[in-house]
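Undergrad: As given, the protein sequences belong to chains A, B, C, D, E and F, one line each in that order.
UniProt numbering applies: residue 1 is where the first sequence begins, and numbers increase by one.
UniProt numbering applies: residue 1 is where the second sequence begins, and numbers increase by one.
UniProt numbering applies: residue 1 is where the third sequence begins, and numbers increase by one.
UniProt numbering applies: residue 1 is where the fourth sequence begins, and numbers increase by one.
UniProt numbering applies: residue 1 is where the fifth sequence begins, and numbers increase by one.
UniProt numbering applies: residue 1 is where the sixth sequence begins, and numbers increase by one.
The C-beta atom is built at its ideal place from N, Cα and C for all residues, glycine as well.
Here it is, the structure, as structure tokens.
There are 6 protein chains.
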Amino acid sequence: MGVHTYFKSLSDLEHLYRLPGKFKFQSHTVAAHSFKVTKIAQFLGTVEEMNGKNVNWRSLYEKALNHDYAELFTGDIKTPVKYATVELKELFSQVEEQMARKFIEAEFPEEFHDAYLNRFKEGKDNTLEGRILSVADKIDLLYEAYGEILKRNPDPLFFEIYEEALNTILKFQELHSVKYFIHHIMPDMLAEKFMPHSELRDLTERIISRHE
Amino acid sequence: MGVHTYFKSLSDLEHLYRLPGKFKFQSHTVAAHSFKVTKIAQFLGTVEEMNGKNVNWRSLYEKALNHDYAELFTGDIKTPVKYATVELKELFSQVEEQMARKFIEAEFPEEFHDAYLNRFKEGKDNTLEGRILSVADKIDLLYEAYGEILKRNPDPLFFEIYEEALNTILKFQELHSVKYFIHHIMPDMLAEKFMPHSELRDLTERIISRHE
Amino acid sequence: MGVHTYFKSLSDLEHLYRLPGKFKFQSHTVAAHSFKVTKIAQFLGTVEEMNGKNVNWRSLYEKALNHDYAELFTGDIKTPVKYATVELKELFSQVEEQMARKFIEAEFPEEFHDAYLNRFKEGKDNTLEGRILSVADKIDLLYEAYGEILKRNPDPLFFEIYEEALNTILKFQELHSVKYFIHHIMPDMLAEKFMPHSELRDLTERIISRHE
Amino acid sequence: MGVHTYFKSLSDLEHLYRLPGKFKFQSHTVAAHSFKVTKIAQFLGTVEEMNGKNVNWRSLYEKALNHDYAELFTGDIKTPVKYATVELKELFSQVEEQMARKFIEAEFPEEFHDAYLNRFKEGKDNTLEGRILSVADKIDLLYEAYGEILKRNPDPLFFEIYEEALNTILKFQELHSVKYFIHHIMPDMLAEKFMPHSELRDLTERIISRHE
Amino acid sequence: MGVHTYFKSLSDLEHLYRLPGKFKFQSHTVAAHSFKVTKIAQFLGTVEEMNGKNVNWRSLYEKALNHDYAELFTGDIKTPVKYATVELKELFSQVEEQMARKFIEAEFPEEFHDAYLNRFKEGKDNTLEGRILSVADKIDLLYEAYGEILKRNPDPLFFEIYEEALNTILKFQELHSVKYFIHHIMPDMLAEKFMPHSELRDLTERIISRHE
Amino acid sequence: MGVHTYFKSLSDLEHLYRLPGKFKFQSHTVAAHSFKVTKIAQFLGTVEEMNGKNVNWRSLYEKALNHDYAELFTGDIKTPVKYATVELKELFSQVEEQMARKFIEAEFPEEFHDAYLNRFKEGKDNTLEGRILSVADKIDLLYEAYGEILKRNPDPLFFEIYEEALNTILKFQELHSVKYFIHHIMPDMLAEKFMPHSELRDLTERIISRHE
């Protein structure tokens, strides 16, 4: 019943967990993921702008904010299913689009239809903003996998996700922001030291002797 | 890597939550749902047997235990998507079947292929056992919705689920077990009284005066 | 250690729960809240634009996305404490600002300092975008309280929050978007019917009789 | 391995949930329960002292703090099992005591044995402090049940627990603190109003009209 | 109130957590455990059948599905308590049996009494099916412990559980299915490699260089 | 509304999580922390008494039980904020005290004011009991950090907390109980072995060969 339904639906994204069916130390909701992707896109856009690119900020923020909203209609379909055959992928895109259209027409007054049809469209197109979104989406996924690996999740799946995410990011290496990520951010990620449990004894002794 | 992978995958069903993207007071995993459906099917089968029907118990238990295992491969696809068009439904079924086959061939030694291909097949066929499974699956869904309604979940979705589940159950009303459910179990469900908060004062006074 | 630390810190907002120390049926993280506020601000901005206002979208999105990031440095200080005395409020603001500055200088390369100092500034200023943020922040808070009231949270606190949020929104009633919210969105919110548990019996009987 | 093991075991009480196997809106750990019982006992002791009774505070605090520690050894055995027969109850008590003794002898240096054997003894004896503990334990249980009833938990179990707890408290009505609880605390509990959802519309209209 | 109460009680098993009072990375409910034990028993039964044994499938499934239902009546009593003395163990078995009988007589119509008394009996007898249940129960326990060890749970308890479970399984090594488990499944479990965090850098470099 | 409000507020401490905004494997509430600090203080007091010190047990228990209650009024303010400037720290203490006073005067009948004003005062003074509280508070914090380090939390924060806690404890090394902790408890903590995953294979082989 109107925009109220749309506002309420935003909270449903807080109940949609990413990567269901797998043990994770840390779970992420689609709402939080959308937030983080938008913040990462903001940083990437800043790098592009510093390098003389013209960023359409309104478009970038809209793409990032809305890029996973359609999961409310479709649920979380595993990628191998979605991409099993070209035919299925096509059909699936059509269904997703129809459902978004139906939702907008049912809930929004007519004057908002164009704006929201536009916002619910697939954002990962070939514009600079579309490519930044593709990268930002994968950077957050890479951080999710990295977080599990760092916490020693024994499931090799997270190495596979890390690898797949990095591969996709590198497909966009003509972007200044991707170069920046690879050369200035990832080295810090990989340099992170994990102080082993065995150093606890040394640390303790150093502290105690300092007090004697 | 073999049956070990299959055994480990059982635990993934403990991480697959039913009805994602919706606020629920009480969440249910696919593992727990499978357990409850099997127990309900056991009861329904008992009623059929008492009424002279010949129940193939081995088949009934296998159907019930395995009926949602394929969600591990496909994720939880929302029903309106799955059934959006006949074509899409067909394609999805094919993909699901291929994935199950691929998993079995990758993980099980050859001597187990037939047994597990059979176990992973769609169980809701027209046999007595297939129909009992269809009913048991919906009875558990009805109980899930009923639990939310009883706890005063304000989302009208749960009334819709309750209604849809009951409608499906009633399509099988030629079964003795469905008649039993409608005439001997549902009345108790609907008779459940919910003592209102306002009775707390009376109860308290009765207890106190009894001690004076 | 650089932007990597900043990217990682985004995930900390997924561990910061709003309104700690109170029983809630549904918890909300600062990450999810920031997402929802940005989406609400997007809608409000759209209404302003339709009414001939000139919206600086880049500014609006930046304000909304970043408005609670500083809670990472300060923790969640209860409002009555923060506003206990004018002096304390002033001091807190200074400390908050210093901490944000220190973080930016420690983690970001110099070329990003200006951009991020600007992004971390208090966004609720007197510009159109600042006022939209003030309203969007309170609309999400109002929805949080409304969600608890609808689920029958017995704590009167949620009525107080609802009231305080609505009062603040109405202070901005010169905005077209606030008028729109009051006249076209809130009526739907208040019209929401909650089908009582007692209707379950009727519903059930109607369904059963339809099948007979 | 010594007192370290004892210190670590305190955290295990944070993983022991009260009333397992039942849906609750709000769960309580044995650690939190022990804290609350001790704080309630503190209040009850204060009332006794104000009425001229001599309270052995050290004993009262020790009894309250330790009264459920033995659940670490025994698990949470349902009351109807524990009290099924006099013989069983007796045997259980013996086993519980033996286990506590074994733990103390294994983990504590000898000079602490007496102190801890004493602390792990059943605290609900006939002393003033023992009776205060019995009451405080039931007041916290009554609050747990009351919390569920207020949140509209439909399980009649919580009414039964409320009733049982109140009955037990009233068995100690010769205590000043029980009289105080019944006459000065419970009336406030029962007077708590729950503003119904339907008042939301009125409240909203009052606020809006105030701003016009 | 009848079978409705029984159906509702199935959901209580979703609120009964195994191994309470201990920190675990991954918790398991009795409902999910019952599901997994039944699926494991299915596999073990298949192996027996392939080796010429005659499996009573109905009995096997019934034993596996119901083997922990009685915990609803008794709670989770720690094993050292249950087995502290022969006398206690005996008394305890009697109480458990009485409670199951009482429940069945209170909730089930008379025509179901025999079927359910039979289903609630201790399933771990000396039949082939009883022995398969004993093994399947311990295999799931072994997987639970293994999961914690793999995730680096520092509590030595999980090594003890792993050891105890394996010892019990080996007591049934005359079974073909136990031989199969030891010789064809466990080797895969033990061969599982855990890619160390330190390989992340190499992996990253390999991926990046591939894209250059 | 009276003591009832105070009793209810105890449960709010079960909803206040320590160290918000950081990923932890194991979360701790303020209620559980208060319980553990009181139990640790009990042990430390016992050591002092054994060494001839005169412990005021009533005071020690009161200090420990109440030491974090004021967080209900203030929320969890991050330490660097609280201590950013001397002025802020002072102002903050004043506000905290005013709020506690206001709460007591609003909720407690007058005859309880003195007792509770006293109980809500800062407990970490220079008395023996105040110093024991300071140590017990840090020992529990040290155990919290130790628990994360043992579970391999990769965040270096927990090493910093461990170090800070130990440093504070050592500032009280004139206390017999601190000496006891350093010389008799910490060595056991540091000696804890963590059986590596790689020993699983050896263990398994030893068990299997024992059964052959």
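Between the region 27 to 41 of chain C and the region 58 to 69 of chain C, are three or more C-beta pairs nearer than 8 Å?
TA: yes
Undergrad: Can the beta-carbon of A145/B be found less than 9 Å from the beta-carbon of Y162/B?
TA: yes
Undergrad: Which whole-angstrom value describes the C-beta separation of R18/E and V3/E, a residue pair presumed to lie in contact below a C-beta threshold of 8 Å?
TA: Contact flag wrong, Cβ pair sits at about 27 Å.
Undergrad: Going by beta carbon distance, what residues of the same chain come within less than 8 Å of V95/B, once the five residues before and after it are set aside?
TA: T74
Undergrad: Given a limit of 8 Å on CB to CB distance, which residues of the region 24 to 51 of chain F reach chain D?
TA: Q26, H28, T29, A31, A32, S34, F35, K36, T38, K39, I40, Q42, F43, T46, M50
Undergrad: With 16 other CB atoms within 10 Å as the buried threshold, where does P156/F fall?
TA: exposed
Undergrad: Which residue's Cα is closest to the Cα of F7/E: H28/E, H33/E, T85/E, F108/E?
TA: F108/E
Undergrad: For a cutoff of 9 Å on Cβ pairs, would you count F92/F as touching chain H?
TA: You won't find chain H in this structure, because its protein chains are A, B, C, D, E and F.
Undergrad: Which chain E residues are close to E163/A, counting only those with a beta carbon under 8 Å from its beta carbon?
TA: L203, I207
Undergrad: Closer than 8 Å by beta-carbon distance: list the chain B residues that pair up with F73/A, in chain order.
TA: K78, P80, V81
Undergrad: Out of R58/D, L44/D, I182/D, which one is the CA nearest neighbour of A115/D?
TA: R58/D
Undergrad: Any idea which residues DSSP pairs Y77/D with across the strands?
TA: According to the sequence shown, residue 77/D is Ile rather than Tyr. Answer is G75/E.
Undergrad: Based on Cα-Cα distance, which residue from G21/C, E71/C, P80/C lies nearest to G21/F?
TA: Minimum Cα distance to G21/F is reached at E71/C.
Undergrad: Taking all protein chains shown into account, do 16 or more other C-beta atoms lie within 10 angstroms of the C-beta of G52/F, making it buried, or fewer, making it exposed?
TA: Exposed, since its Cβ has fewer than 16 Cβ neighbours within 10 Å.
Undergrad: When you compare each of K89/F, H113/F, E129/F, R152/F to N56/F by their alpha carbons, which one comes out closest?
TA: E129/F
Undergrad: Buried or exposed: where does S93/E fall if 16 or more other Cβ atoms within 10 Å of its Cβ makes it buried?
TA: exposed
Undergrad: Establish whether the CB of E192/B and some CB of chain D are separated by less than 9 Å.
TA: yes
Undergrad: When the distance is taken between beta carbons, is M99/E closer than 9 Å to P80/D?
TA: Closer than 9 Å, so yes.
Undergrad: In the DSSP assignment, find the alpha helix (DSSP H) that holds G130/F and state where it starts and stops.
TA: Residues 128 to 150.
Undergrad: Chain B beta carbons: is any one of them nearer than 9 Å to that of S59/A?
TA: Chain B places no beta carbon closer than 9 Å to that of S59/A, leaving this residue out of the contacts.
Undergrad: Within the 9 Å Cβ cut-off, does E101/B reach chain D?
TA: Note on residue identity: the sequence assigns Arg, not Glu, to residue 101/B. False, the Cβ-Cβ gap to chain D never drops below 9 Å.
Undergrad: Rounded C-beta distance between A178/B and I185/B? I'm assuming under 8 Å.
TA: The displayed chain sequence assigns Val, not Ala, to residue 178/B. Taking the Cβ atoms as the reference, V178/B lies roughly 10 Å from I185/B, outside the contact range of under 8 Å.
Undergrad: Hey, how far is the Cα of A165/B from the Cα of K151/C?
TA: Taking the straight line from one Cα to the other gives about 24 Å.
Undergrad: When burial is assigned at 16 or more other CB atoms within 10 Å of the CB, is S84/E buried or exposed?
TA: Residue identity differs from the one stated: residue 84/E is Ala in this sequence, not Ser. A84/E comes out buried.
Undergrad: Tell me which residue opens and which closes the alpha helix (DSSP H) that I185/E is part of.
TA: Looking at the DSSP string, I185/E is not in any alpha helix (DSSP H), and its letter there is neither H nor E.
Undergrad: Of the choices A32/F, L10/F, S11/F, L13/F, whose alpha-carbon is the least far from that of E14/D?
TA: Nearest to E14/D by C-alpha distance, out of A32/F, L10/F, S11/F, L13/F, is A32/F.
Undergrad: Please tell me whether G147/C has its Cβ less than 9 Å away from any Cβ of chain B.
TA: yes
Undergrad: Give a yes or no on whether 9 Å exceeds the smallest Cβ distance from E14/D to chain F.
TA: E14/D counts as touching chain F.
Undergrad: Report the residue from H28/B, K24/B, L16/B whose alpha carbon sits nearest the alpha carbon of D140/B.
TA: H28/B
Undergrad: So with CB distances below 8 Å, who are the chain E contacts of L150/F?
TA: What L150/F touches in chain E: P154.
Undergrad: If you measure from the beta carbon of V3/A to each beta carbon in chain C, is any gap under 9 Å?
TA: yes
Undergrad: Mind pulling the beta strand (DSSP E) runs of 3 or more residues that sit fully within the region 18 to 98 of chain A?
TA: 75 to 77
Undergrad: Which of helix, strand or coil does DSSP assign to H211/A?
TA: coil
Undergrad: Could you work out which residues of chain D lie near I139/C, taking near to mean beta carbons separated by less than 9 Å?
TA: The contacting residues do not exist; I139/C stays about 14 Å from chain D at best.
Undergrad: Taking L117/D as the reference, give the member of E199/D, E97/D, I77/D, T127/D with the closest Cα.
TA: E97/D
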